[in-house]
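Q:
Residue numbers (the working numbering): 72 to 345.
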């Protein structure tokens, strides 16, 4: 479903809200075809956005119906639906807060979750007059070196909100498509709609508290952004470290497959000297 431009032009300002669906393609090997194809959602309202997996949306929507404010089950039918849902293929969450000039990145691997935040870096977009039509929207091209990679994006001024998928932001309209210069990652808009509820961002964020804790096998870390990225990289690539952190011997070293290959959106070299 594509929403009309008028929904945004009538009100203007940061209180505009929108919900979008994106296809996220990423590679584990620069020479290989995309090995992960994910359906993602972007919610934006009142200067904040959250980018997350489609299954997270479905699970959290049911949680809102199944549990009351105290966490007690109030609807057994909706609770049963939650137990039958597949786990999200990607449990990472990215939050962009334009008012606080802050980006928060959250990761989850097995029973380990990590939350990191840092002051937003503004992409220095080089705007061009090149245009193309994507999903019915007239889009313009822009490029920038941002967070260690060179990105090309297509944005539409038909939807005048300065956001996009993941940590991409600051273009003169919604970022509809994006790809890095090595073609390792790409985001493509699939649909847009009115935001169905403003509290989903807070609800999703509540799964990654602002304080570290350790309860049984569950461990949550709140770290500086650099440490967050480096720890997640180790969890994604070092099966021994993941086993040590979870306390579970997951697989033998000689049984590790390509699933432990991982290319981060922000390359490791970016953090040197920071």
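Just so it is clear, CB atoms sit at the ideal spot from N, CA and C, and this is done for glycine as well.
Considering Cα atoms alone, identify which of 340, 336 and 343 is closest to residue 165.
A: Closest by alpha carbon: 336.
Q: Could you work out which residue in 236, 94 and 115 is closest to residue 270 when comparing CA atoms only?
A: Residue 115 is the option with its Cα nearest to residue 270.
Q: Let me make sure I understand the geometry here. Which of 285, 219 and 231 has the alpha-carbon closest to that of residue 211?
A: When only C-alpha atoms are compared, the closest one is 231.
Q: DSSP state of residue 182, grouped into three classes?
A: Of the three classes helix, strand and coil, the one that applies to residue 182 here is coil, per DSSP.
Q: What first and last residue would you give for the beta strand (DSSP E) that runs through residue 111?
A: Counting along the chain, the beta strand (DSSP E) containing residue 111 begins and ends at 107–116.
Q: Please determine if the stretch 196–212 and the stretch 220–229 are in contact, where contact requires at least 3 C-beta pairs separated by less than 8 Å.
A: Output reads yes: the stretch 220–229 touches the stretch 196–212.
Q: Could you give the DSSP three-state label for residue 240: helix, strand or coil?
A: Strand.
Q: Report the residue from 88, 87, 265 and 95 whose alpha carbon sits nearest the alpha carbon of residue 257.
A: Answer by Cα proximity: 95.
Q: DSSP three-state label for residue 220, please.
A: Residue 220 falls in the strand class under three-state DSSP.
Q: Which value, in whole angstroms, describes the spacing of the CA atoms of residue 274 and residue 316?
A: Taking the straight line from one Cα to the other gives about 26 Å.
Q: At which residues does the beta strand (DSSP E) containing residue 312 begin and terminate?
A: Residue 312 -> not in any beta strand (DSSP E); alpha helix (DSSP H) instead, spanning 310–317.
Q: In terms of alpha-carbon separation, which member of 314, 268 and 194 lies closest to residue 89?
A: It is 268.
Q: Assuming contact is defined by CB atoms lying nearer than 9 Å, are residue 14 and residue 240 in contact in what I supplied?
A: Nothing about residue 14 can be read from this structure; the chain reaches only from 72 to 345.
Q: Going by the CB atoms, is the gap between residue 174 and residue 291 shorter than 9 Å?
A: Their beta carbons are not under 9 Å apart, which means residue 291 does not touch residue 174 by this criterion.
Q: Among 233, 237 and 209, which residue has its Cα nearest to the Cα of residue 218?
A: It is 237 whose Cα lies nearest to the Cα of residue 218.
Q: In whole angstroms, what separates the C-alpha of residue 278 from that of residue 126?
A: Rounded to the nearest angstrom, the two C-alpha atoms are 15 Å apart.
Q: With burial defined as no fewer than 16 other Cβ atoms inside 10 Å of the residue's Cβ, what is the status of residue 354: buried or exposed?
A: Given that the chain is displayed from residue 72 to residue 345, the structure contains no residue 354 and the question cannot be resolved.
Q: Under the rule that 16 or more other beta-carbon atoms within 10 Å means buried, what is residue 300, buried or exposed?
A: So residue 300 ends up on the buried side.
Q: Using the rule of at least 16 other Cβ atoms within 10 Å of the residue's Cβ for burial, across every protein chain shown, is residue 204 buried or exposed?
A: Classification for residue 204: exposed.
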